[in-house]
Amino acid sequence: NIWDMHKKRWSTPKQIEWAVKQSEQFGRKVATAEEARQIMKVGVWYDSVEETLFKLGLPPNRAEGYKGFLAHDTDGKLPRSTGAATSPVSIL
Numbered sequence: 004n005i006w007d008m009h010k011k012r013w014s015t016p017k018q019i020e021w022a023v024k025q026s027e028q029f030g031r032k033v034a035t036a037e038e039a040r041q042i043m044k045v046g047v048w049y050d051s052v053e054e055t056l057f058k059l060g061l062p063p064n065r066a067e068g069y070k071g072f073l074a075h076d077t078d079g080k081l082p083r084s085t086g087a088a089t090s091p092v093s094i095l
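For the sequence shown, counting from 1, position 58 maps to 61 in the numbering used here; every step adds exactly one.
Below, the structure is given as structure tokens:
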């Protein structure tokens, strides 16, 4: 919910209009209904719980009686960088 300075809750259409205005001011494109469905994976089904958790980037379920932090198996290497500038002064 978004509230104004008079402690009144904004209606859903007003919240959407505000979000669209903000995205346009920052030069960001607003997703269409179909793009939003793809982004949010509406209607996507997976074959197992494990596959669902993996595809959503969540850790796997713990085996019964196992305590501790779980993560997906990796090769131990860091992911490749995107090639973007990483120096804090590079944005100046």
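Don't be surprised by glycine CBs; every beta carbon is placed ideally from N, CA and C.
Identify whether W48 lies in helix, strand or coil by the three-state DSSP scheme.
-> For the purposes of this step, residue 48 is taken as residue 45 along the sequence shown, with counting starting at 1. Three-state result, W48: coil.
May I ask you to report which of helix, strand or coil DSSP gives F57?
-> Residue 57 sits at position 54 when you count from the first residue of the sequence shown. Correct three-state label for F57: helix.
Residue closest to P16, alpha-carbon to alpha-carbon, out of K58, T35, N4, D76 = Within the sequence shown, numbered from 1, the residue matching residue 16 stands at position 13. For P16, the nearest C-alpha among the options comes from N4.
Using the C-alpha atoms, what's the distance from E54 back to E20?
-> Numbered from 1 along the sequence shown, position 17 holds the residue referred to as residue 20. Numbered from 1 along the sequence shown, position 51 holds the residue referred to as residue 54. The alpha-carbon atoms of E20 and E54 are separated by roughly 36 Å.
Which of helix, strand or coil does DSSP assign to R40?
-> Position 37 of the sequence shown, counted from the start, is the residue given in the question as residue 40. Three-state DSSP puts R40 in a helix.
Excluding the 5 residues preceding and the 5 following S26 in the sequence, name in chain order all residues of the same chain whose CB lies nearer than 6 Å to its CB.
-> What you label residue 26 is simply residue 23 of the sequence shown in a count that begins at 1. So the qualifying residues of the chain are V33.
List the residues that DSSP assigns as beta-bridge partners of R12.
-> Taking the first residue of the sequence shown as position 1, residue 12 is located at position 9. Paired residue(s): W6.
Straight-line CA distance for Q41 to V23?
-> Taking the sequence shown and counting its residues from 1, one reaches residue 41 at position 38. Taking the sequence shown and counting its residues from 1, one reaches residue 23 at position 20. Each residue's Cα considered, the two are about 19 Å apart.
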